[in-house]
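Each residue of the sequence shown is one higher than the one before, counting from 8 in the numbering used here.
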Amino acid sequence: MTTTSELTNMNGQTDSQKRDAMIVRTSIIGIIANVFLSVFKAAVGLLTHSIAITLDAVNNISDAASSIITIIGTKLAGKEPDKKHPFGYGRIEYLSAMIISLIVLYAGITSFTESVKNILHPSEPDYSAAALIIVAVGVIVKIALGRYVTAVGKKVDSDSLINSGEDATLDSIISASTLLAAGVYIFMHISLEAYLGAIISIVIIKSGVEMLRDTLSRILGERVDASIAKEIKATILEFPGVHGVYDMVLNDYGPNAYQGSVHIEVPDTYSASDLDEMLRSISLQVYIKHHVLLTAIGVYSINTKDEDAIQMRATLQNLVLTHPYVTQMHGFYLNKEAHTIRFDIIVSFDAKDRRSVYKEIVQTVQEAYPDYKLNITMDTDYMES
């Protein structure tokens with residue numbers, strides 16, 4: 008049977024290399040475009056004495072720096088796991104995305120400061136047709152670059168690229184506002200670029216804060232998209248003999264780098280060899296189809312030979328699931344010889360006091376079956392939507 012390490016070398020590494028190559032290629036395109044725009048805008052800004060165009064040129068350099076950070080972060084994140092970091096370095100990509108969001112935030116604060124200075128001490132801009140054409144070209148390039156980088160970022164699940172793409176889109180708005188201010192000045196002789204610069208700077212600051220907040224949320228550890236868990240459960244349920252899939256826990260060790268565990272319900276007639284073969288097959292299939300490494304698969308044995316047990320399970324399900332905050336019951340097993348009943352319940356996070364709900368369920372079941380010893384566990388649904 009294929010081992011996990013072989014599986015990683017066969018598929019995971021190849022997919023990872025393709026993803027990394029796409030991120031690096033997109034970042035290089037961003038660097039070239041931003042350096043090109045920065046040189047021309049800096050020259051135009053200095054010649055026309057336009058603070059907005061000069062700041063736009065500096066912003067393009069910061070965008071190029073963001074792309075460089077993305078490349079470095081992607082390369083570091085692709086390092087093989089080692090003794091100190093056995094789960095790999097994938098989360099470095101989140102750190103690089105955080106740095107980019109800080110750059111955006113810094114650019115917004117700097118731009119706002121310069122705009123305020125120019126409001127207090129205004130200077131008359133001197134626009135030329137060539138300057139405005141260059142700025143207009145910059146708007147078009149930035150719009151195209153922003154859409155392209157954002158699309159690739161979403162495709163490969165790269166926060167760094169998504170943040171860079173959103174930053175490029177904001178840059179196009181800044182450049183467009185510069186053109187608007189130029190038009191107002193040329194036709195009405197009113198200089199508005201400092202005021203527009205201040206407004207746009209606030210928008211950039213807001214965007215930087217939102218980028219930082221979203222990235223920090225992923226670093227702290229978010230609930231995995233429920234659709235991923237649903238797809239994995241569907242794959243596992245395709246295996247003959249699997250009656251239910253529960254207690255799924257998925258940990259995010261970087262973009263598209265999930266590891267986790269799950270419990271399955273199987274008939275009490277399965278032997279150890281039957282289970283061993285099934286669990287290995289499940290792990291392999293889940294990795295191939297979903298690129299998720301199941302490091303552990305627990306087993307719930309369910310009664311399939313005792314009609315009384317089957318009937319008791321159905322009765323208890325109806326009893327337990329009538330509680331509004333109990334969303335699931337699983338892992339039921341009746342041991343007549345030991346006179347015990349065991350099962351797990353999921354209590355929703357919506358409950359104000361989950362422990363009280365659990366105690367209420369235990370009391371209700373004990374009253375219904377006073378002669379049995381209960382072993383009821385309160386589980387948590389980490390995929391709860």
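For glycine and all other residues, C-beta sits at the position ideal for the given N, C-alpha and C.
* With a 10 Å radius around its C-beta and 16 neighbouring C-beta atoms as the bar for buried, classify V218 as buried or exposed. => The residue given as residue 218 occupies position 211 in the sequence shown. Residue identity check: residue 218 is Met in the sequence provided, not Val. With 16 or more Cβ atoms within 10 Å of its Cβ, M218 is classed as buried.
* Residue from S268, G261, L168, N67 whose Cα sits closest to the Cα of H92 -> Here the question's residue 92 lines up with position 85 in the sequence shown. Considering only alpha carbons, the answer is G261.
* Is it true that the CB of V273 sits closer than 8 Å to the CB of V252? -> Taking the sequence shown and counting its residues from 1, the one referred to as residue 252 is at position 245. Taking the sequence shown and counting its residues from 1, the one referred to as residue 273 is at position 266. Result no, Cβ atoms of V252 and V273 do not sit closer than 8 Å.
* By the 10 Å Cβ neighbour count, where 16 or more other Cβ atoms means buried, how is A136 classified, buried or exposed? -> Position 129 of the sequence shown holds residue 136. Under this definition A136 is an exposed residue.
* To do: Rounded to whole angstroms, what's the CA-CA distance from V142 to L187? Just pull it up for me.
  => Here residue 142 is taken as the residue at index 135 of the sequence shown, counted from 1. Here residue 187 is taken as the residue at index 180 of the sequence shown, counted from 1. If you take the alpha carbons of V142 and L187, they lie about 11 Å apart.
* What is the residue span of the beta strand (DSSP E) that G85 lies within? -> Indexing the sequence shown from 1 puts residue 85 at position 78. Premise fails: G85 is in no beta strand (DSSP E) and is neither H nor E.
* Asked: What is the DSSP secondary structure of A71, reduced to helix, strand or coil?
  -> Here residue 71 refers to the residue found at position 64 of the sequence shown. Correct three-state label for A71: helix.
* N396 (DSSP reduced to helix, strand or coil) -> Since the first residue of the chain shown is 8 and the last is 392, residue 396 is not available in this structure.
* Excluding the 5 residues preceding and the 5 following I79 in the sequence, name in chain order all residues of the same chain whose CB lies nearer than 6 Å to its CB. => As a working mapping, residue 79 is identified with position 72 in the sequence shown. Nothing meets the Cβ criterion.
* To do: Grab the span of the alpha helix (DSSP H) containing V249 for me, first residue to last.
  => Taking the first residue of the sequence shown as position 1, residue 249 is located at position 242. That residue, V249, is in no alpha helix (DSSP H); it is neither H nor E in DSSP.
* Output the distance between the C-alpha atoms of A40 and F94, rounded to the nearest integer angstrom. => On the sequence shown, residue 40 is found 33 positions in, with the first residue counted as 1. On the sequence shown, residue 94 is found 87 positions in, with the first residue counted as 1. Rounded to the nearest angstrom, the two C-alpha atoms are 36 Å apart.
* How many Å lie between L127 and V163 at the Cα? -> The sequence position of residue 127 within the sequence shown is 120, counting from 1. The sequence position of residue 163 within the sequence shown is 156, counting from 1. Per the coordinates, the alpha-carbon of L127 lies some 45 Å from the alpha-carbon of V163.
* Alpha-carbon to alpha-carbon, T77 and E284 -> Numbered from its first residue, the sequence shown carries residue 284 at position 277. Numbered from its first residue, the sequence shown carries residue 77 at position 70. When rounded, the distance between both Cα atoms is 42 Å.
* Asked: In this structure, does DSSP put D378 in helix, strand or coil?
  -> The residue labelled residue 378 in the question sits at position 371 within the sequence shown. In this structure, D378 counts as coil in the three-state DSSP scheme.
* Ordered along the chain, which non-local residues of its own chain (more than five positions away) have a Cβ less than 6 Å from that of P88? -> Locating residue 88 in the sequence shown gives position 81, where the first residue counts as 1. Closer than 6 Å at Cβ, skipping near neighbours: G95.
* To do: Output the boundary residues of the alpha helix (DSSP H) element that contains F119.
  => As a first step, residue 119 is located in the sequence shown; it is residue number 112 there, counting from the start. Here the alpha helix (DSSP H) through F119 covers 99-127.
* Asked: H297 lies in the alpha helix (DSSP H); which residues open and close that run?
  -> Start at 1 with the first residue of the sequence shown, and residue 297 comes out as number 290. Start and end: 279-297.
* Which one of Y265, E374, L54 has the shortest CA to CA distance from S23? -> Counting from 1 along the sequence shown, the entry for residue 23 is found at position 16. Out of Y265, E374, L54, Y265 has the C-alpha closest to the C-alpha of S23.
* Asked: Using CA coordinates, which residue listed in Y389, G338, E121, I368 is at the minimum distance from I207?
  -> Here residue 207 refers to the residue found at position 200 when the sequence shown is read from its first residue. The shortest C-alpha separation from I207 is found at E121.
* Using the Cα positions of D351 and V231, report the straight-line distance between them to the nearest angstrom. => Taking the first residue of the sequence shown as 1, we reach residue 351 at position 344. Taking the first residue of the sequence shown as 1, we reach residue 231 at position 224. Using only the alpha carbons, I get a separation of about 22 Å.
* **Own chain residues within Cβ distance below 8 Å of V333, not counting five before or after** => In the sequence shown, residue 333 corresponds to position 326, counting from 1. Hits under 8 Å: V327, I352, I353, V354, S355, V364, I368.
* Roughly how many angstroms lie between the CA atoms of I116 and R220, to the nearest whole one? -> For this step, residue 116 is matched to residue 109 along the sequence shown. For this step, residue 220 is matched to residue 213 along the sequence shown. C-alpha separation (whole angstroms): 17 Å.
* **Limits of the beta strand (DSSP E) - the one that N342 falls within** => On the sequence shown, position 335 is the one that residue 342 refers to. Residues 333-342.
* **N310 - DSSP class collapsed to helix/strand/coil** => Residue numbering aside, residue 310 sits at position 303 when the sequence shown is read from its first letter. Note: N310 maps to coil in three-state DSSP.
* Asked: Between which two residues does the beta strand (DSSP E) carrying D360 extend?
  -> By 1-based counting over the sequence shown, the position of residue 360 is 353. No beta strand (DSSP E) contains D360, which DSSP labels as neither H nor E.
* Rounded C-alpha distance that separates K312 from D166 -> On the sequence shown, position 305 is the one that residue 312 refers to. On the sequence shown, position 159 is the one that residue 166 refers to. Taking the straight line from one Cα to the other gives about 52 Å.
* DSSP-derived helix/strand/coil call for T47 -> Position 40 of the sequence shown holds residue 47. What sits at residue 47 in the sequence shown is Phe, not Thr. For F47, the secondary structure class from DSSP, reduced to helix, strand or coil, is helix.
* To do: Starting from the Cα of M255, find the closest Cα among P247, S234, F246 and give me that residue.
  => On the sequence shown, position 248 is the one that residue 255 refers to. The shortest C-alpha separation from M255 is found at S234.
* Which listed residue (A71, Q318, D386) has its alpha carbon closest to that of Y340 -> On the sequence shown, position 333 is the one that residue 340 refers to. For the set A71, Q318, D386, the Cα lying nearest the Cα of Y340 is the one of Q318.
* Reducing DSSP to helix, strand and coil, say where Y389 ends up. => Taking the first residue of the sequence shown as position 1, residue 389 is located at position 382. Here Y389 sits in coil by DSSP.
* Asked: Between which two residues does the beta strand (DSSP E) carrying V231 extend?
  -> In the sequence shown, residue 231 corresponds to position 224, counting from 1. Element bounds for V231: n/a, residue is neither H nor E.
* Validate contact between the stretch 95-105 and the stretch 33-49 using beta carbons, cut 8 Å, 3 pairs -> no
* Asked: Alpha carbon to alpha carbon, how far is D259 from E374?
  -> The residue labelled residue 259 in the question sits at position 252 within the sequence shown. The residue labelled residue 374 in the question sits at position 367 within the sequence shown. Roughly 42 Å between the two C-alpha positions.
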